[in-house]
Amino acid sequence: MEITGAPIFNESGKWKGVVLVFHDITELKRLEQMRKDFVANVSHELKTPITSIRGFSETLLDGAMKDPALVDQFLNIIYKESTRLQTLIKDLLELSKLEKAEFNLNLENIRLDQLLQDLLTIIEPSAEKKTIRIRKDMDPDSLIEGDSARLKQLFLNLLTNAVSYSSQNGEITLILRQLEDKVHVSITDTGIGIPKEEIPRIFERFYRVDKARSRNSGGTGLGLAIAKHILEVHEGKIEVDSEPGKGTTFHVTLPKRLH
Ligand code: ADP
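Residue numbering for the sequence shown follows UniProt numbering, starting at 323 and increasing by one per position.
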């Protein structure tokens, strides 16, 4: 709480009293702290791959180049870390676009069942690598109004997470239901699950339950923050059910028509 005060006088200049103004600055302070944390997180996330790229290229230049096995190993690391940087920058730009007040959706009529089918084709190879079975049950001809590129990104983020946070031989189930004026999509995995107390935080930028696992799978920690924003601009919502060790379901609801 911040208090500012000013004396008040009557017409003849006689002191009448004091006006006290109470400013509730808790919200302002919280926002300022969030901004600071964000800048610190971005700096840290950028610094890690850059340090690694510099270190490995320096070692190569200092002589490791003469050993073909090392060249191969180090170049692979440099390639992986620069890809991480690229993904991170792409996600940061996307997030900042979505957060702009004047952000415009590119609205069109979309066959959601088709859009989801295309995404399943994209994630199939990585699911196959872990022998994860994909099951689907989708109402056909599910037409909705939306921004196709954004919706693709939203569902791709959820599906890639379902693969990343699953172990070998898991199962992912995708269900699409058409209701009267909305559609409901659920993505269920049989993966590691999320502890109950962590669920409210996973939509925060850079929040990860397990940092090492997220980094290893190429995650930026921004996927769900982006997903939440895409849903907000589409007047939709997202909910999570999860049990550690058993799996997770993300429920997405989208209106068929935007207001
Ligand atoms: P990341 O790039 O780390 O995957 P996200 O924003 O997509 O970032 O997700 C935030 C965190 O939420 C993840 O690091 C992970 O801890 C948790 N999470 C997201 N999806 C799942 C899932 N399907 N199963 C278990 N944990 C998940």
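Cβ coordinates follow ideal geometry from the N, Cα and C atoms, glycine included. As the structure is a prediction and not an experimental result, all values here were calculated from the model.
- Message: Quick check on the DSSP output: the alpha helix (DSSP H) that includes Pro371 runs from which residue to which?
- Response: Thr348 to Leu383
- Item | Three-way DSSP call (helix, strand, coil) for residue 283 in this model | Nothing about residue 283 can be read from this structure; the chain reaches only from 323 to 581.
- Query: Would the C-beta of Leu417 count as close to the ligand ADP, meaning under 7 Å from any of its heavy atoms?
  - Reply: no
- Leu407 to Tyr401 span [Cα, whole Å]: 10 Å
- Are Leu498 and Leu434 close, meaning C-beta to C-beta below 8 Å? yes
- Query: If you draw a straight line from the C-alpha of Lys559 to the C-alpha of Pro517, how long is it?
  - Reply: 21 Å
- Query: Which residues in the same chain have their Cβ closer than 7 Å to the Cβ of Leu392, if we skip the five residues on either side of it in sequence?
  - Reply: Ala386
- Return the CA-CA distance between Leu496 and Lys388, expressed in angstroms with no decimal places. 50 Å
- Below 8 Å on the Cβ atoms is my guess for residue 287 versus Ile432; work out the distance and round it to an integer in Å. Here the chain covers residues 323 to 581 and nothing more, so residue 287 does not appear.
- In this structure, what does DSSP give as the bridge partners for Ala386? BP columns for Ala386 are empty, so no partner.
- Task: Hey, could you find the ends of the alpha helix (DSSP H) Arg530 is sitting in?
- Result: Where Arg530 is concerned, there is no enclosing alpha helix (DSSP H), given that its DSSP letter is neither H nor E.
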